[in-house]
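In mature numbering (1 follows the signal peptide of the UniProt record, and there is no 0), the protein residues as written are -23 to -1, 1 to 146.
The C-beta atom is built at its ideal place from N, Cα and C for all residues, glycine as well.
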């Protein structure tokens, strides 16, 4: 019986020591990054809004031109509509309808293209941030990095945001 108690005690000691070793091994270094803030700062750094504005400048100017022509025709209709012949009034209304449909079509296409290009630029920034997070985490010895929005409390020393922003190339 004594031998059995010794064996059970020894097993318990070995089991508990391996549990402590696993618990110590499970303790990981966890950091966090404010990815929204990083995206905003990098968008400014890379001048993304200005880049997109310049890319679509000609099409925006074309839409403004159509708007001005529409406004001119509306003003003419208000000012001279009662003095015009029925044929002239009908012609002007058709021109206005044509301009309006052209405007709507081009505005919709422009908005879709701007949304697509904005998403492309955002994806480029996301890839750069991801790579920077991986680089910083490896360099600093972090096992896990999470988004700051998912963290209820964390030690400020584990905030990697500034390091990630400066590491983006």
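Non-local C-beta neighbours of residue 10 in its own chain, meaning closer than 7 Å and more than five positions away in sequence, comprise 110, 122, 124, 125, 137, 138, 141, ordered along the chain. The Cβ neighbour count for residue 19, taken over all protein chains shown within 10 Å, is at least 16; the residue is labelled buried.
For residue 99 and residue 43, the gap between their C-alpha atoms comes out near 31 Å. Residue 8 is classed as buried because its beta carbon has at least 16 other beta carbons within 10 Å across all chains shown. Listed as beta-bridge partners of residue 7 by DSSP are 121. The distance from the Cβ of residue 105 to that of residue 145 is about 5 Å, consistent with a contact at the 8 Å cut-off. About 7 Å separates the CB atoms of residue 29 and residue 91; that is less than 8 Å, so the two are in contact.
Cβ-Cβ separation between residue 119 and residue 48: approximately 58 Å, too far for a contact (criterion under 8 Å).
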